[in-house]
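J.: Numbering (my numbering), first residue to last: 137 to 295. Quick one: the structure is below, questions incoming.
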């Protein structure tokens, strides 16, 4: 049984049983949207909400055909920020999905269903070049205001 077999109400009940009870401002908007911009101060739960959304996404219906049902980009101001905050932090992906594992050598999160998440930084020209490669069905862009190469990374990310 996968998370995609549960109804939204059942998923909320699972979240609450596991101790993650989102505040209204931490929940993705309903409907079909392209961007979700979560602007809030320190401690508002932005990382928690992002990690939760990514976890539910990769455990939901496949976006891609083949053995990798989801390919997620996890981007932050630096590679270290992406790794230590978005993936390994207290409210990061590994805190939301203990079945996921992080492969440091590849800079990838791997889920049991074959989904992958690759970390990206935006601090150096080399970080911009790392965006070349496979396309992603979801991008978690954390702390956009702190991206040193925002315009360049954004352009590469949108490809």
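Glycine residues also receive a C-beta, built at the ideal position from the N, C-alpha and C atoms.
In this structure, how does DSSP classify residue 244 when only helix, strand and coil are distinguished?
T.: Strand, per DSSP.
J.: In chain order, what are the residue ranges of uninterrupted alpha helix (DSSP H) at least 4 long that sit wholly in the region 189-237?
T.: Entirely contained in the region 189-237, the alpha helix (DSSP H) runs reaching 4 residues are, in chain order, 229-232.
J.: Is residue 294 helix, strand or coil by DSSP?
T.: DSSP places residue 294 in helix when its eight states are reduced to three.
J.: With DSSP as the reference, label residue 277 as helix, strand or coil.
T.: Note: residue 277 maps to strand in three-state DSSP.
J.: With three or more C-beta pairs closer than 8 angstroms as the rule, is the region 275-292 touching the region 240-251?
T.: No, they do not touch.
J.: Could you check what DSSP says for residue 257 in three-state terms: helix, strand or coil?
T.: If DSSP states are grouped into helix, strand and coil, residue 257 belongs with coil.
J.: How big is the Cα-Cα spacing for residue 261 and residue 282?
T.: Spanning the two alpha carbons is a distance of roughly 15 angstroms.
J.: Using a Cβ-Cβ cutoff of less than 6 angstroms, which residues in the same chain neighbour residue 263 once the five nearest sequence positions on both sides are dropped?
T.: If we look at residue 263 and ignore the five residues flanking it on each side, its Cβ neighbours are 257.
J.: Please confirm whether residue 174 and residue 185 have their CB atoms less than 9 angstroms apart.
T.: Going by C-beta atoms, residue 174 is nearer than 9 angstroms to residue 185.
J.: If you check the beta carbons only, do residue 162 and residue 207 fall under 9 angstroms apart?
T.: The answer is no: Cβ separation not under 9 angstroms.
J.: Thinking C-beta only, is residue 278 closer than 9 angstroms to residue 221?
T.: A contact, by the Cβ cut-off of 9 angstroms.
J.: Rounded to whole angstroms, what is the Cα-Cα separation between residue 294 and residue 165?
T.: Taking the straight line from one Cα to the other gives about 21 angstroms.
J.: Could you work out which residue in 180, 167, 195 is closest to residue 251 when comparing CA atoms only?
T.: When only C-alpha atoms are compared, the closest one is 195.
J.: Using DSSP's beta-bridge definition, name the partner residues of residue 252.
T.: Answer by DSSP bridge pairing, in chain order: 207, 246.
J.: Could you check if residue 276 is buried or exposed, using at least 16 other CB atoms within 10 Å of its CB as the buried criterion?
T.: With 16 or more Cβ atoms within 10 Å of its Cβ, residue 276 is classed as buried.
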